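Line order of the protein sequences matches chains A and B. Residues in the first sequence are numbered consecutively from 1, following my numbering. Residues in the second sequence are numbered consecutively from 1, following my numbering.
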Amino acid sequence: MGLSGGHDAVVIGSGAGGAAAAWRLCQHGMRVLLLEAGPAFDPARDYALDSPGWERRNFPVLPGSQATITYGNLGTLDADTEDLASWTRGGFPWRLPAGSPRPASANGYSHVLGVGGSTLHFVGEAHRLHPDAFRQRSLTGKNIDWPLGYTDLEPLYAEVEEVLGVAGAATDDGRWRSTAYPLPPHPLGPGALALQAAGARLHQHWQVNPHAVLSAPWQDRPACNYCGQCSRGCPLGDKGSTDVTFLRQAAETGRLTLLPDAIVTRLHAGAGGRIARLDVIVAGRSESVETPILVLAAGAVQTPRLLLLSANADMPDGLANSSGQVGRNFMETLSWRSAGMVPGLKGSHLGLPADAICWTPVPTNGRASAFRLNHATLEVGLNGPIGYAARLLPGHGAGFKSALREGFGSALAVGAVGQIIPDARSGVDLDPERRDALGLPVARISSVLTEESLSLLRQMAKAARAVLAEAGATLAEEASSRDAFSATHVFGTARMGDDRGTSVVDPQGRAYDHPNLWIADASVFPTSGGGESPSLTIMALALRAADAVAR
Amino acid sequence: MPSVHGSARHEVAAGGHAARGLVLGASRRSVLMAALGAGLASICGPVVAEARPMASLAAVLDVLLPADDFSPSASALGIERDIADFVAESDMMTRLFLAALDWMDHLADLPFRDLTSAQQAEVMAFMETADFNAVPGRFYHILRALAVEFYYARAEAIIGLPLNATPQPEGYPPPWG
């Protein structure tokens, strides 16, 4: 099976959604052609955590592993939100003045194009959406409801957790379970324990954060050895990125053909709206591939881009866009972090990144202002000498070096991620000027924080500062979405709904305008959830879509 | 402290006066522009990796990160070469570094590397608190960030810290208490 046919379905993208969909379709006996725009990574070669200088290397960038993205309206740094401005004790004493346009951070939309997609650099948080997250409109009068509920996804969540080897504790915070986690929870590190103790005094319930990281050997994968560098790539294969889970198991069926470095440039709609074929560049050559079934899972930025790029005379606004919603309703990651140093704390650099979590720790107006806190010392890079010294310690000289040796392991950081409601100005469209190496318009992200988002950010900051203060920390650094667009999780640009007039796909993930087109990534999310990491939900939705395809 | 000299670099020396606790009337912009101008005037084919600026850079780095009982100085690990290579990738960065190093070497009759430890410390203390929008302050903070990054990337530099040389292959298995 190859580009010339023989497949029953084509999947675009091998990240959380595409890999899960491909796996499920293969389980259903279908022959799947999976087209991945980026390269295949070699963990032994590319995730060099066993050579000096590791802290200077982020997740590797290989040819073709980063899409070109531009940014439109990201809002303005208003004077009345200066209390949320980023600062650092040891870093550069400079920040953009109020009134400046909000920039994108150096990473901007943080993503990976490659076999495994952005699961390659995630830390493996394995969250189920809270049941209330599906019913925002009903519960709060704001936002919208999902066209499905927690009960619909629960068995699929359980299946996904089994494939990934999720480790977690029995507590559910309303996210009820029909089965136990496959693996026992990871132990909490010293930093998490400090937050748990401090949080308890504030009635913040800190608990083990479920992870798609192996706490014990699982199937043929080894247990984690807690190197603490999940976001730089996992060389052991204990992290449940899709390359070592769904894709490997799909390949074992013999029904998967996976092509890396295969860039899909256009979809062609035929009679009745069916997607008849697509154009893909492989090894510098443009090929035409038939699409009996097409599952689009390129993420909430590239999925709308491809639909918009595929506009034709009959559909001048792009494919799947009779609702006008393709590219709209974009939701970024609303995030905050505070970090400080706790005298006497030792070993906060040890453990699993984001090992502890606290869901919605303060009274809120229903789920409309939901967020979570998590232990972030490792995740934000304060578990290495460079991050610690450059950001937390001012000064220089012998005293500076001594302070590093004496204080390393006393950093304590709290991250927060909150629900975001899309602003009408937010969206993904085609940049009218910038083109990629193939001459195609690149995706342009606009994302403006609403007053409600900024208000929630302030609540997140208050909660993070409170628990750090209770833990005895002296603050040394804070950063947030207020100052820069920086998003690992993005949502909403091809949203799911019951009404084809306001939605791109139906509750199964099928495009209203194209009977053989399914979308299986975070672009279908009607809402962002209350700070949950989305990969588990993306995967569960992808299984649901694949099951519907097979029916 | 040796006297400041050189009329062409008079305004640049505003930083030098301030370093010694003197107050001049120069605006931030004039200091910045004078410092840039003085630096650029002395540069032909600007590269940091020439002998004189490299020696100056090494001297500054050793004030930032000196040798101690656990780990060597920055220059003993050749960090000035790492930084020179990094800086060479940006024309603006190269100009900033050359301007700042030249400024530091003309604060007194002796270049920075030949000042006493106390004099060097005084200059660095001034730079640390100087306006980030002027050459001395910006150079200090950028150099400090680069120095920390390149220095602590070296296995020799993390002796005394509770860390393996690399995260893998051993990792850090529990217990952690």
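Glycine is no exception: its CB is placed at the ideal position from the N, C-alpha and C atoms. Quick caveat, the model's predicted, so the values are computed rather than measured.
Query                                                                                                                        : Result
Neighbourhood of A/Ile538 by C-beta distance below 7 Å, restricted to the same chain and skipping five residues each side    : Ala16, Gly17, Asp521 and Ala522
Where the region 45–64 of chain A meets chain B: residues whose CB sits under 8 Å from a CB there                            : Leu49, Asp50, Ser51, Pro52, Gly53, Trp54, Glu55 and Arg56
Closest by C-alpha distance to A/Gln219, when choosing among A/Arg232, A/Pro235 and A/Arg248                                 : A/Arg248
Contact under 8 Å by Cβ, A/Leu412 with A/Thr377                                                                              : yes
Test item: CB-CB of A/Arg95 and A/Ala85 under 8 Å                                                                            : yes
Positions along the region 400–414 of chain A whose CB lies within less than 9 Å of some CB in chain B                       : Phe400, Lys401, Ser402, Leu404, Arg405, Phe408 and Gly409
Chain B within 8 Å of A/Trp94, Cβ atoms only                                                                                 : yes
Neighbourhood of B/Ala155 by C-beta distance below 7 Å, restricted to the same chain and skipping five residues each side    : Ala165
8 Å Cβ shell around A/Thr253 - same chain, five flanking residues per side excluded                                          : Cys26 and Gln27
Local Cβ density within 10 Å of B/Pro66, reported as buried at 16 or more and exposed below that                             : buried
Spatially closest choice to A/Ser447 from A/Pro101, A/Arg425, A/Ser535 and A/Ser453, by CA coordinates                       : A/Arg425
Inter-residue Cα distance where the pair is B/Ala38 and A/Thr527                                                             : Confidence in B/Ala38 is poor, its pLDDT being 39 and thus under 50, which makes the residue's placement unreliable; the coordinate value appears in the next sentence. Near 57 Å, if we compare the C-alpha coordinates of A/Thr527 and B/Ala38.
Short CB-CB distance (under 8 Å) between A/Ser14 and chain B                                                                 : no
Strand pairing of A/Trp206, partner residues [DSSP]                                                                          : A/Trp206 pairs with nothing; no bridge assigned.
Residues within the region 144–160 of chain B neighbouring chain A, beta-carbon criterion of under 7 Å                       : Arg144, Ala145, Val148, Glu149, Tyr152, Ala153, Arg154, Ala155, Ile158 and Gly160
Reference A/Ile421; option with closest CA among A/Pro97, A/Gly141 and A/Arg24                                               : A/Gly141
Close beta carbons around A/Arg31, own chain, < 7 Å, minus the five adjacent residues each side                              : Met1, Gly6, His7, Asp8 and Arg255
Buried versus exposed, by CB contacts within 10 Å (16 or more), A/Asp42                                                      : exposed
Sequence ranges, alpha helix (DSSP H) only - wholly within the region 127–188 of chain A, length at least 4                  : 136–140 and 150–164
Separation of A/Gly116 from A/Trp87, as counted between CA atoms                                                             : 34 Å
Residues of its chain near A/Ala135, where Cβ-Cβ distance is below 6 Å and the 5 sequence neighbours each way are ignored    : Here the sequence assigns Arg to residue 135 of chain A, which means Ala is not the residue at that position. Contacts found: Asp145.
Nearest-angstrom Cα separation, counted from A/Gly174 out to A/Leu33                                                         : 38 Å
B/Glu89 classed as buried or exposed, judged by whether at least 16 other C-beta atoms fall within 10 angstroms              : exposed
Interface partners of A/Gly397 on chain B, CB under 9 Å                                                                      : Val63, Leu64, Leu65, Pro66, Ala121 and Met124
Touching by the beta-carbon criterion (3+ pairs, under 8 Å), the region 236–245 of chain A and the region 110–129 of chain A : yes
Sub-8 Å separation of A/Leu139 and A/Ser65 beta-carbons                                                                      : no
Segment limits, beta strand (DSSP E) that includes A/Thr474                                                                  : Thr474 to Ser480
CB contact below 8 Å: B/Ala35 versus chain A                                                                                 : Interpretation of B/Ala35 is limited by its pLDDT of 39, a score under 50 that renders its predicted location unreliable; the figure taken from the coordinates is listed afterwards. Answer no: the Cβ-Cβ gap between B/Ala35 and chain A never drops below 8 Å.
A/Asn312 vs B/Gly171 beta-carbon contact at 8 Å                                                                              : no
Test: A/Gln229 CB closer than 8 Å to a CB of chain B                                                                         : yes
Proximity of B/Met124 and B/Phe139 at Cβ, strictly below 8 Å                                                                 : no
Local Cβ density within 10 Å of A/Ala194, reported as buried at 16 or more and exposed below that                            : buried
Cross-chain neighbours of A/Leu350 in chain B, by beta carbon under 7 Å                                                      : Tyr172 and Trp176
Ranges of the alpha helix (DSSP H) found wholly within the region 130–177 of chain B, counting only runs of at least 4       : 135–151
Residue burial classification, A/Asp261 (beta-carbon count within 10 angstroms, cutoff 16)                                   : buried
Proximity test, Cβ basis, 8 Å: B/Leu32 and chain A                                                                           : Here B/Leu32 scores only 37 on pLDDT, less than 50, and its place in the model should not be relied on; the value that follows carries that caveat. With 8 Å as the cut-off, B/Leu32 does not count as an interface residue toward chain A.
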